[in-house]
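Taking it in order: structure first as structure tokens, then the write-up.
In this note's numbering, the protein residues as written are 551 to 974.
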């Protein structure tokens, strides 16, 4: 038995898919995959507005933001927490239009403290009618889990966003999504001069700048250092830039392994920005230790290692690439798209890899607290859900499915899975 509390419904929008909309694991609370529709009925009636006058009242995007955050607050209170005890926010949008209305909703809900946040533009949300998809990690308040806020002079947040750039909570440091910018656009140090035909590449310069001038200062201010990094999520506009990014990243992290998820992304909040990175680390002198978990997973299935830090297990983002270098099921998936064959075959393979990691760490996938699926088409999700049900039956699924722009890094790859697992 573990101190895991799951809040779920047995049938998301009547679909038969069991959905875990909140998971409490020890002191941590995960609210994953929240969009502004009713989980039981699938209805967006509350945010749609009056049928004869849908523009009456607040703008549609503001209503979406208010709905999501009010529901999050209600769930957190049921679990003895509240929005002021949030430690991390992730938001995805299909365009830039919802961002400012959502920020107004967020300021109204959170007040003076907005947790470290990452916001990027993807292809679409899970529900085709939605424009905001949000997830929150929070903590149950106690003297041992107070939130300390840090505002390094060179690591700021946009005035319109207002989130705290870095916080410390117990042993953990949370660094918000960072871009290679200053107050008025891209930092010149992270940009190839407009007049230059050569002199570096944009992705390499922005990656190097982010590590040296954003991540390192943020960690130092919060009482940590790069070698204590345990999990990074990286969003990159062009899939063809992945190899250059990884080359720069590995030069910094080759001797200090960090779990890594890299995701194709449509766009960002800053014009000219092509990469955004958020980071989770342990503080200097942490009681928890950082451990690399060795498992029998094909080398091409992930861009980084699996890291355990105390009670939390962080695999790198997983793709269903086999030992032969090909995506699982790719020889027949394109002809069976009506079965979401790629989603099923690749999710089943990814779950095999995740199970191998759990076995090596002495953990269980039944203690998963957050499952993010970045997929080339949301219509692959029935296959993903089928693979989950075949493996875990009616176990509630704490999932979040977001459609990314194509292509994925490997031909035929349909998804990248990012799992967080509770391993007490």
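Yeah, the Cβ is synthetic: ideal placement off N, Cα and C, and Gly gets one too.
The three-state reading of DSSP puts residue 740 in helix, counting H, G and I together. For the stretch 828 to 908, the continuous alpha helix (DSSP H) assignments of 4+ residues that do not extend past its boundaries occur at 880 to 883, in sequence order. As DSSP reads the structure, residue 954 sits in no beta bridge. The residues 865, 868, 915 and 969, in chain order, have a CB closer than 7 Å to that of residue 904 in the same chain once the five nearest residues on each side in sequence are set aside. Rounded to whole angstroms, residue 664 and residue 817 show a C-alpha spacing of 22 Å.
The alpha-carbon of residue 918 is positioned some 4 Å away from that of residue 971. CA-to-CA, the gap between residue 808 and residue 601 works out to about 50 Å. Boundaries for residue 624: no beta strand (DSSP E) harbours it, while the alpha helix (DSSP H) harbouring it runs 610 to 628, taken from the DSSP string.
For residue 737 and residue 708, the gap between their C-alpha atoms comes out near 14 Å.
With contacts defined as CB atoms closer than 9 Å, residue 727 and residue 682 fail to qualify as a contacting pair. Cβ-Cβ separation between residue 580 and residue 573: approximately 5 Å, consistent with a contact (criterion under 8 Å). DSSP, read as helix, strand or coil, puts residue 814 in strand.
Taken atom to atom, the span from the alpha-carbon of residue 906 to that of residue 624 is near 36 Å.
Taking C-beta separations shorter than 7 Å and ignoring five residues to either side along the sequence, the partners of residue 794 in its chain run 751, 753 and 754, following chain order. Residue 747 counts as exposed, since fewer than 16 other beta carbons sit within 10 angstroms of its beta carbon.
Counting along the chain, the unbroken alpha helix (DSSP H) around residue 660 starts and ends at 649 to 660. Residue 952 and residue 902 have their alpha carbons spaced roughly 22 Å apart. Here the alpha carbon of residue 851 sits roughly 18 Å from the alpha carbon of residue 785. Between the alpha carbons of residue 885 and residue 876 lies a distance of about 17 Å.
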